[in-house]
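Read through the structure below, which is laid out as structure tokens, and then see the notes.
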Amino acid sequence: MTAQRTHARTQVGIVGAGPAGLMLSHLLSLAGIESVVIETRTREDIEATIRAGILEQGTVDVMVSTGVGNRLLDTGSRHDGIEIRFGGESHRVDLASSAGRSVHLYPQHEVLRDLIAARLAADGDIRFSTSEVSLHGVTGTEPVIHFTDADGRPAELHCDLIAGCDGAQGTAKWSIPDSRRTDHFRAYPHGWFGILAEAPPSSKELIYAHSARGFALISSRTPAVQRMYFQCDPTEDADSWSDNQIWDELQSRVAGSGSPLNEGTIFQRGVIPMRSYVCDPMQHGRLFLAGDAAHTVPPTGAKGLNLAISDAVVLAQALERFFGTGHADLLEGYGRTAAQRVWRAQHFSWWMTSMLHLAPDTGDFDRHRQLAELDQITGSAAGRALLAEGYTGHPIAHTNPRSVVSEALRLTAGRRP
Ligand SMILES: Cc1cc2nc3c(=O)[nH]c(=O)nc-3n(C[C@H](O)[C@H](O)[C@H](O)COP(=O)(O)OP(=O)(O)OC[C@H]3O[C@@H](n4cnc5c(N)ncnc54)[C@H](O)[C@@H]3O)c2cc1C
């Protein structure tokens, strides 16, 4: 016998409990708007998956001003600069003096822990471990999310609107018909070979290295866990490399002046592809896409997590106006507003990638041109300011000055950590 579908209703059905979906749910709850988050993974898996780690100033401001930033301020570390190595020399770009802003190192899974804890403390509704999630009626006035709950029971969630926050592999965007959707896509000819290692940090700040063997990034996740990447062929088999080969490759790419690279025990490895994607438009009927569901960036600019948060902020302001006043103007303009910042971040990520990576067709001319560009960017105040502005993040649109999030940000302005 087929089990009866359970029925529930909410104002905003959110698909995906990543940074975009959880931040949106958090901001909506502060504004008194109900939401239910539908997620396929377990809470344990979400809270343990190590991914991004660099939070732009705007992301930090949003977290702190809306009450989920205490652990970030206690255990995250503020970075006022980054190191760029090329031609065997180290060059520091001071973010704070060049752009008046900084970034924080605070792992993505810690952001998610904070958001999940805040939602559950406020009696928020997050359905973990669901399956067979599908969207229906997104062009009508009551779209529905079908899913199977954690106990295997089929369920329906009726909503006023749906936020598709289901990440790069999600399917929400396919609810926008092909005839209405343009997929702006670019694949890069390189991937990133990433490792997590138990080792002491090599430097107080991130190291971005350009070398004759290609790009490398030395980053950190906690004082005991370091995240490192080097450019590789996108089809590279990570398991075919011995630990010694990995360390030799990283060492050769960061060789030169500056702090030496500390080695340790590699406990995770993998190759991630490098892609740029923007779904245009980011909305259709009563479906609104946010975060990686709508766009992906190559990781060079550390923008993915931050864009997920800024989309959530823009969407929350529009939803607050919609539910508070009945006006749909901000909702109708959501995709256009969010896309402006998305394209700036796309440009920044593409620029950092093309300046620091060697493509298969990069010859001597291009390598010298890259070195000249790096020289100019690190060697002039204007160059450092350009890089610092993009790296610390462009401003997030304040479309609704009466919204809870705008008010919270205004109150914390001038009290920056
Ligand atoms: C290895 C790695 C390193 C990265 N490093 C950085 C970095 O240094 N800096 C940076 O800014 N970004 C980085 N990123 C990117 C960053 O992690 C993402 O941009 C960010 O997670 C996007 O958040 P999101 O909420 O849009 O999507 P996600 O975090 O992908 O969340 C989507 C959620 O939706 C769920 N889901 C998917 N399909 C369904 C469905 N059908 N139904 C219900 N739920 C569903 C998924 O399980 C997931 O929990 C990195 C990514 C990876 C993979």
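Numbering-wise (the numbering used here), the sequence shown opens with residue 362 and increments by one. No residue lacks a Cβ here, since even glycine has one placed at the ideal position from N, Cα and C.
Quick check: does the Cβ of residue i come within less than 8 Å of any heavy atom belonging to ligand 2?
i      : result
Gln530 : Ligands displayed in this structure: ligand 1; ligand 2 is not among them.
Taking the straight line between their C-alpha atoms, what separation do you get for residue i and residue j?
i      : j      : result
Gly374 : Leu748 : 38 Å
Ala369 : Ile407 : 25 Å
Trp712 : Tyr752 : 11 Å
Pro778 : Ser581 : Per-residue confidence for Pro778 stands at a pLDDT of 48, beneath the threshold of 50, marking its modelled position as unreliable; the derived number appears in the next sentence. Between Pro778 and Ser581, the C-alpha separation is close to 20 Å.
Glu450 : Gly617 : 6 Å
Gly430 : Thr420 : 10 Å
Arg439 : Arg541 : 43 Å
Asp722 : Arg728 : 10 Å
Gln530 : Pro634 : 13 Å
Pro515 : Tyr590 : 42 Å
Ala599 : Ala560 : 20 Å
Gly498 : Pro504 : 5 Å
Ala769 : Ser490 : 33 Å
Buried or exposed for residue i, please, with buried defined as at least 16 other CB atoms from any protein chain shown within 10 angstroms of its CB.
i      : result
Leu308 : As shown, the chain starts at 362 and ends at 778. That puts residue 308 outside it, with no answer to give.
Ala573 : exposed
Asn605 : exposed
Ser458 : exposed
Asp475 : buried
Gln469 : buried
Phe311 : Because the chain is modelled from 362 through 778, residue 311 falls outside the range shown and cannot be assessed.
Thr367 : exposed
Would you identify the three-state DSSP class for residue i, choosing helix, strand or coil?
i      : result
Arg730 : helix
Asp544 : strand
His759 : coil
Gln365 : coil
Phe489 : coil
Ala381 : helix
Gly501 : coil
Thr626 : strand
Ile670 : helix
His688 : coil
Trp779 : The structure shown has nothing for residue 779, since the chain only spans 362 to 778.
Phe576 : coil
Met643 : coil
For residue i, list the residues DSSP reports as bridge partners.
i      : result
Thr371 : Cys520
Cys526 : DSSP lists no partner for Cys526.
Phe508 : Ala516
Going by CA-CA distance only, name the one from the options that's closest to residue i.
i      : options                           : result
Ala548 : Thr583, Ala720 and Leu476         : Ala720
Ala409 : Thr427, Glu395, Gly379 and Leu433 : Gly379
Ala742 : Val454, Arg542, Val429 and Thr401 : Val454
Ser426 : Gln612, Leu680, Pro562 and His387 : His387
Asp539 : Ile738, Asp641 and Gln731         : Asp641
Leu717 : Gly448, Gly685 and Thr626         : Gly448
Ser536 : Ser564, Ser495 and Ala558         : Ser495
Phe624 : Leu666, Gly685, Ala558 and Asp486 : Correcting the residue type first, residue 624 is Glu in the shown sequence and not Phe. Of Leu666, Gly685, Ala558 and Asp486, the residue nearest in Cα terms is Ala558.
Thr739 : Ser390, Arg647 and Arg446         : Arg446
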